[in-house]
Each structure stands twice: as structure tokens, then as C-alpha cells.
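One structure is given below, encoded as C-alpha cells.
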Amino acid sequence: MGMNFLEREMMLAAQRFRQEQGLSATEPVALRNLLAKLDVLTLFRPLGSDFSGMAMLRDDHRFMLINSTHSVGRQNFSIGHELYHLFIQKRQQAMVSFAGRFPEKDLDELRADWFAAHLLLPEHGVYEQIPKSEYARDSLSTATFLHIQHLYECSRPALLRTLKRLGLIGSAGYDRLYKDAYEQLANYGYTNYLYRLHSASEPGNNYMIGEYGELAKALYDHELISETDYDGALQDSGVLDPLNVNNLDEEG
């Protein structure tokens with residue numbers, strides 16, 4: 001399947017973005033570390049089932065909201081999608097996103113999806129992980145598929161779409177790998193970390209990346225906000241019991 005102009009434009013944008021962040025053309029992107037490095041205030045919150053996220057740029061401050069009930073693989077694609085809106089498009093109006101739909105009639109969302117696809121799954125990186133004996137169409141093994149998926153921490157649909165675009169699988173291979181990758185996870189030593197959906201009430205399902213908590217602590221220490229305001233700020237950042245941390249422990 002050939003690559004159209006818009007997709008090629010986004011592939012080049014993803015490559016430039018990688019270079020700007022000191023990443024090679026093939027290595028996996030540690031997205032949550034990258035968000036911290038880029039100082040993107042990111043909230044992970046339970047949202048509606050189809051709502052993937054939102055992003056907004058305002059006065060050089062970047063904000064992102066990601067649906068934490070989605071699987072980690074899908075969340076990662078959503079993060080890549082929103083990075084396009086923040087750093088390539090530089091969109092200043094907050095808008096709801098439904099990442100991964102590749103809508104032909106919404107060019108901004110289509111660009112964001114293609115940017116995410118190439119940022120998360122760089123073509124040469126994918127090829128590097130495939131044995132030459134599996135280059136023939138529909139010859140990719142389940143073991144190789146799972147290895148690539150977990151290396152790049154992506155969803156099944158994202159990787160399958162890339163493999164199909166590269167001509168490595170057709171419809172039959174798509175259907176086989178979609179089924180086998182899920183059913184044979186344990187057989188190949190993988191957990192359901194990338195696949196599992198999260199309930200809205202699950203502990204740890206509300207958290208934040210960014211300096212919001214540090215700012216709140218500094219304001220509280222300098223008596224610029226009250227203890228009640230500080231407590232509320234920590235609750236907003238996902239700390240469930242902010243002023244009683246005696247039960248916390250660290251191992252290893």
C-alpha cells in the first residue's frame with residue numbers, strides 16, 4: 001500500500017520530532033518520561049469510553065488529558081496523537097480527540113493519527129525486529145509480533161495497521177495475528193499489561209505528570225495558599241490521601 005502525501009508529511013514530522021528530542025530513528029519512545037521532559041502538564045483521568053484525550057497550548061504552557069480507562073497501548077497512541085496537536089499543529093483551542101480513527105474528512109485529526117503512528121512505530125525500527133525469514137507476506141510469527149508490540153508498547157491495531165501498510169501482512173495475516181496475539185500472550189511469557197482495560201474506580205487510575213504538585217508545595221511552604229487549598233491541589237494531582245503518607249513504603 002503506497003504512502004500518500006499527507007502520511008509522508010507526518011512521517012517526516014515524526015522523524016524531525018524524534019531528532020529534536022535526542023531520539024534515534026528506531027528506538028522506542030518512553031512517552032511518559034518525554035512528557036515530563038517537555039513539561040507537558042498531563043492528567044490521566046477516567047473519561048467516556050470513546051473519548052481518548054484532549055490537548056491545549058496556552059501562552060507556552062502545554063496541557064494534555066488522557067483517558068486512563070483505556071489500555072496502556074491505546075493510551076500511548078493517544079499521547080502521540082496529542083503531541084502532534086501541541087508541538088506540530090500548536091493548537092490553542094481545547095478540543096476532544098478520538099485518536100486512532102484516521103478520519104478522512106478531518107485533516108487535523110488524520111494528521112495527528114499518522115504522526116502518532118510513525119512516532120510510536122518507526123518503519124525502520126519495525127523492520128529491524130523482523131527476521132528476514134518472515135519478510136514474505138503473511139509470514140510474520142506471533143512471537144515476532146508480540147516482541148515488536150511490547151518493545152514499542154503499542155496497541156494491536158496500531159501495529160497491525162503498520163504491518164499492513166508495509167505489505168508484510170494482508171487481511172488473513174491481520175485476522176490471524178489479532179486473534180493469536182491476545183490468546184497466546186501467556187504462552188510467550190507476556191502479561192496483559194498493554195491490553196487490559198481499567199475501571200474508573202481502580203486505585204491509581206488518577207495521576208498527573210508535571211510540576212503542578214511541586215508548585216502547590218512551594219506555595220504552601222511559603223504560606224501563599226492554605227492547607228485546605230494544598231490538600232485540594234494534591235487531590236487534583238491524583239494523590240488519594242495527601243496529608244497521611246505514613247502507610248507508604250518503597251521496596252528495592
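Okay, so the sequence shown: first residue is 1 according to full-length UniProt numbering, each after it adds one. Heads up, the beta-carbon is just placed ideally off N, CA and C, and yes, glycines get one too.
Evaluate residue i with the Cβ neighbour count: other Cβ atoms within 10 Å of its Cβ, from every protein chain shown; 16 or more gives buried, anything less gives exposed.
i: residue 84; result: buried
i: residue 4; result: exposed
i: residue 182; result: exposed
i: residue 162; result: buried
i: residue 7; result: buried
i: residue 82; result: buried
i: residue 113; result: buried
i: residue 12; result: exposed
i: residue 35; result: buried
What are the partner residues of residue i, as DSSP defines its beta bridges?
i: residue 207; result: 44
i: residue 55; result: 64, 95
Looking at the structure shown, is residue i part of a helix, part of a strand, or coil, going by DSSP?
i: residue 11; result: helix
i: residue 101; result: coil
i: residue 29; result: coil
i: residue 149; result: helix
i: residue 200; result: coil
i: residue 170; result: coil
i: residue 113; result: helix
i: residue 222; result: coil
i: residue 37; result: helix
i: residue 88; result: helix
i: residue 188; result: helix
i: residue 50; result: coil
i: residue 129; result: coil
i: residue 19; result: helix
i: residue 244; result: With a pLDDT of only 43 at residue 244, under 50, the local geometry of the prediction cannot be trusted, and no value is derived from it.
i: residue 193; result: coil
i: residue 108; result: helix
i: residue 24; result: coil
i: residue 140; result: coil
i: residue 121; result: coil
i: residue 162; result: helix
i: residue 135; result: coil
Is it true that the CB of residue j sits closer than 9 Å to the CB of residue i?
i: residue 194; j: residue 72; result: yes
i: residue 141; j: residue 149; result: no
i: residue 261; j: residue 42; result: Here the chain has residues from 1 to 252 only, and residue 261 is not among them.
i: residue 125; j: residue 203; result: no
i: residue 167; j: residue 117; result: no
i: residue 172; j: residue 121; result: no
i: residue 19; j: residue 37; result: no
i: residue 129; j: residue 151; result: yes
i: residue 165; j: residue 9; result: no
So residue i packs on residue j, CB below 8 Å; how close in whole Å?
i: residue 92; j: residue 56; result: 7 Å
i: residue 78; j: residue 99; result: 4 Å
i: residue 51; j: residue 67; result: 6 Å
i: residue 17; j: residue 102; result: With 8 Å as the limit, residue 17 and residue 102 do not qualify as a contact, their Cβ atoms being about 19 Å apart.
i: residue 253; j: residue 209; result: Here the chain covers residues 1 to 252 and nothing more, so residue 253 does not appear.
i: residue 14; j: residue 119; result: 4 Å
i: residue 64; j: residue 40; result: 5 Å
i: residue 89; j: residue 108; result: 6 Å
i: residue 190; j: residue 146; result: 6 Å
i: residue 143; j: residue 188; result: 6 Å
For chain B, check one thing: does any of its Cβ atoms lie closer than 9 Å to the Cβ of residue i?
i: residue 194; result: Here there is only one protein chain, and chain B is not present.
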